[in-house]
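Enquirer: Here the protein sequences line up with chains A and Z, keeping their order.
Here my numbering is used: position 54 in the first sequence is 43, and no number is missing along the way.
Here my numbering is used: position 100 in the second sequence is 1173, and no number is missing along the way.
Next up is a structure, given as structure tokens.
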Amino acid sequence: MGTGAVGLSARNRELLALIPVALLLTIGFAAVFAQNDSELGNLSLSYGLYFLAICLATHIYIRIRLPQADPYLFPLMALLTAFGLVMLYRLDAELARELARDQANWFVLGLILFAVVIHFLRDYSVLERYRYTIALTGIALLLAPRLPLIGTQVNGAYLGVKIGPVGFQPAELAKICIVIFLASYLREHRELLVVGARRVLGVTLPPLKHLGPLLVVWGAAMFMLIFIRDLGSSLMFFAAFLALLYVATGRLSFVVIGMSMFMIGAWVIYSTVPHVTDRVDIWLDPYQDPGGAGYQVLQSMFAQADGGLFGEGFARSMVVIPGGTDPLLPAAQTDLIYTLIVSELGLFGGAAVICVYLLIAARGFKVALMANDGFSKLLATGLTAVFAFQAFVIIGGVTRVIPLTGVTLPLVSYGGSSILANFILLALLLLVSNRARREARDGEPAASVGAWS
Amino acid sequence: MDFEPLSIALKFAFLGVLYLFLFWIAVAARKDLRRNANGGSGDQTGISSGGGTARDAWLIVESSDSLDRGSRFDLFGGVTLGRSADADIAFTDRYASGIHARVYPRAGRYFVEDMNSTNGTLLNGTPVNGEIEIRDGSTLAIGDTSFRLQIDD
């Protein structure tokens, strides 16, 4: 199976795919240089080559350690990072910060972490044994921003932790911990959830005895809404949980029940918790406070409309009001980075970003399809779902499909924890994929001898 | 703005390369998907990987010495029937073997297979040899015990 329809091995296809990614980064940087400095130096070319060199090093590592892994996931994720680097570099001049340099450092660190995870987790079924430890770590990470001294509050939500000079968004790492736990729990209890099912009034209900986890996760999502005030993450977690539950049991009715429970809970919280009420009201009617609470979402809509079909061009849309420091696009480097892309590359640019996420989701589910054991299948599904839903939550937020919440656009937004967490996620997906494709090629599950090496 | 044409050219170059790249990956990924769809299908996880959509199906007890009439058993992932305590649906019946038969889904349809039982399995009165598809409303009889299959759409 080594040679594909195009006559290239999986790894050679990955190598080939990295070249256009580096080319895109080069063109992007060149365009930003041309616009800001009115000159075309060879600096953009050097940046492109640096980027290519880093990607090639990672590629060689994958070639040695995971020769059978999916060939498209890494180039697609590198493309998102390249998108982020270009957009952040473009913001540097206006915001007088060095976002792109930081992000590039995080990218390299993320890839080192990626290599470390692959090195120490060849046999990822170890994760199943430590599932309760991992789940507790995840919950502790989620609660950390509410702790005194280290917790920080941003726009009414407790998202960050600050230890000395190092800021950190724990929800990003928590999402991986919780997916690992759910995958391992559902792998074991899947049959029980289904076999004991009863029908009441034409609706298939899960057995009460095993409904526990559903209620616990639902409770956790609601708790996050109130206590951490993180709407985006709670939506993302719950959606990923329902996707996993559906894959594990094959029961649409469980998903419908879960959704209705979420709707009811969300409505109750909407009518009782002021922070949530504000967010939803601003979403429904941003004009009630156009200069204040509704400012960000309104500016986001106008900036996207300015982009038209093909956008205004790199570094040509207005981010800061001229002659001052007031932002025209608040949080353009994190929440509104998708807005900035649409504004400068237009509908086509925005659609391309969504296509990249769709392709990653398709490849992720493909990994799940190919996997030969329940835990691998559920792990790949869960990781893919949480990644895709995160993209949906923030893109939906800035386009006013759902209330705007502060999650990052995976791998594009500025932020170290987001980059690190998503490269751990990629490492896990590639580990699952490597094993699945190797077993598919060899025709039988590989012996676990030497799995620790 | 001398550099405006350059800026526009670079923007379209960027979009062009981006779309060509995405198109290439989409086509390659689609081929990949097809190739594997034909090859590997059976796995041991029991987690549905597409193909036929899993419909809910139940075995309902019609007559039995030990099971309550009207009891419903979910067929998800397949069940074994027999006298042994290891069977998913265990019941007492003089004519039943330890693991007498099994019922399992495949590609959205349900099949029954007799597990070399001593006294055989009857599907709508006909003995089961090998595997036979069972449809909604069929009656499955093992000794004095009988079940009706119900499939929900």
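By construction, the Cβ of each residue, glycine as well, lies at the ideal position given by its N, Cα and C atoms.
These numbers were taken from a predicted model, which means no experiment stands behind them.
#1: Please compile the residues from chain Z whose C-beta is within a distance smaller than 7 Å of the C-beta of Cys44/A.
#2: Based on the DSSP output, what are the partners of Gly208/A in its beta bridges?
#3: In or out: Asp59/A buried (at least 16 other Cβ within 10 Å) or exposed?
#4: On the premise that Leu1095/Z lies in contact with Val97/A, defined as a C-beta separation below 8 Å, what is that separation, rounded to the nearest angstrom?
#5: Quick check: what's the CA-CA separation for Leu1196/Z versus Met1188/Z?
#6: How about Asn423/A and Gln57/A: are their beta carbons less than 9 Å apart?
#7: Taking only runs of the alpha helix (DSSP H) that begin and end inside the segment -1 to 71 of chain A, which ones reach a length of at least 4 residues, in chain order?
#8: Check the Cβ-Cβ distances between Glu180/A and every residue of chain Z, and say whether any is below 9 Å.
#9: Less than 9 Å between CB atoms is the rule here; does Gly1125/Z satisfy it with respect to chain A?
#10: Measure the Cβ-Cβ separation of Leu398/A and Ala425/A and say whether it is below 9 Å.
#11: By a C-beta neighbour count over all protein chains shown, 10 Å radius and 16 as the cutoff for buried, is Tyr78/A buried or exposed?
#12: Within a Cβ cutoff of 8 Å, which residues of the same chain sit near Ala440/A, ignoring the five residues on either side of it in sequence?
#13: Can you check whether the C-beta of Val17/A is within less than 9 Å of a C-beta belonging to chain Z?
#14: Helix, strand or coil for Phe1164/Z per DSSP?
#15: Quick one: does Ile1133/Z have its CB under 9 Å from some CB of chain A?
#16: Should Thr261/A be labelled buried (16 or more other beta-carbon atoms within 10 Å of its own) or exposed?
#17: Is there contact here, the segment 389 to 398 of chain A with the segment 276 to 290 of chain A, by at least three beta-carbon pairs under 8 Å?
#18: For a test of the three-state rule: what should DSSP assign to Val262/A, helix, strand or coil?
#19: Contact between the segment 302 to 309 of chain A and the segment 79 to 94 of chain A is defined here as three or more beta-carbon pairs at a separation below 8 Å; is this criterion met?
#20: So which residues of chain Z does Tyr78/A contact, with C-beta pairs closer than 7 Å?
#21: Closer than 7 Å by beta-carbon distance: list the chain A residues that pair up with Tyr1092/Z, in chain order.
#22: List, in chain order, every chain A residue whose beta-carbon is nearer than 7 Å to that of Leu1213/Z.
#23: Shorter than 9 Å from the beta carbon of Val345/A to some beta carbon of chain Z?
#24: Just reading off the beta strand (DSSP E) that Ile1224/Z is part of, what are its end residues?
#25: How would you label Thr126/A, buried or exposed, when you count the other beta carbons within 10 angstroms and need 16 or more for buried?
#26: Would you please state the rounded distance, in angstroms, between the beta carbons of Leu233/A and Ala172/A? I believe it to be under 8 Å.
#27: Does Glu117/A have its Cβ less than 9 Å from a Cβ in chain Z?
#28: If you draw a straight line from the C-alpha of His48/A to the C-alpha of Leu1088/Z, how long is it?
#29: My parser needs the alpha helix (DSSP H) runs of 4 or more residues fully inside the segment 321 to 409 of chain A; what are they?
#30: DSSP three-state label for Leu1195/Z, please.
#31: Considering only C-alpha positions, which residue in the set Tyr1092/Z, Ile1207/Z and Gly1193/Z is nearest to Asp1166/Z?
#32: Decide if Val205/A is buried, meaning its Cβ has at least 16 other Cβ atoms within 10 Å, or exposed.
#33: Taking the C-alpha atoms as reference points, what is the distance between Met211/A and Val1185/Z?
#34: Whole angstroms are fine: how far does the CA of Asp274/A sit from the CA of Tyr39/A?
#35: Show which residues of chain Z have a CB atom less than 7 Å away from the CB atom of Leu12/A.
#36: Strictly below 9 Å CB to CB, what residues from chain Z border Pro9/A?
Expert: Considering the structure as presented:
#1: Those within 7 Å of Cys44/A in chain Z number zero; the least Cβ separation is about 14 Å.
#2: Partner(s): none; Gly208/A has no beta bridge.
#3: buried
#4: About 25 Å separates the two Cβ atoms, so there is no contact after all.
#5: Roughly 14 Å separates the two Cα atoms.
#6: yes
#7: Unbroken alpha helix (DSSP H) runs of no fewer than 4 residues, entirely contained in the segment -1 to 71 of chain A, are found at -1 to 26 and 32 to 54, following chain order.
#8: yes
#9: Only weak support is given to the placement of Gly1125/Z: the predicted model assigns it a pLDDT of 44, under 50, and the value that follows is read from those uncertain coordinates. For Gly1125/Z, the answer is no, since every Cβ of chain A falls outside 9 Å of its Cβ.
#10: no
#11: buried
#12: At Ala440/A the pLDDT is 34, less than 50, meaning the model places this residue with poor confidence and gives no usable figure here.
#13: This sequence places Gly at residue 17/A; Val is not what is there. Interface with chain Z (9 Å Cβ-Cβ cutoff): Gly17/A is included.
#14: coil
#15: no
#16: exposed
#17: yes
#18: coil
#19: yes
#20: Chain Z residues near Tyr78/A: none, gap ~14 Å exceeds 7 Å.
#21: Ala341
#22: Chain A residues near Leu1213/Z: none, gap ~18 Å exceeds 7 Å.
#23: Val345/A counts as touching chain Z.
#24: Thr1218 to Ile1224
#25: buried
#26: 7 Å
#27: no
#28: 25 Å
#29: 326 to 359 and 363 to 387
#30: strand
#31: Closest option to Asp1166/Z, judged by alpha-carbon separation, among Tyr1092/Z, Ile1207/Z and Gly1193/Z: Gly1193/Z.
#32: exposed
#33: Per the coordinates, the alpha-carbon of Met211/A lies some 44 Å from the alpha-carbon of Val1185/Z.
#34: 46 Å
#35: Val1090
#36: Val1090, Leu1091, Leu1093, Phe1094 and Trp1097
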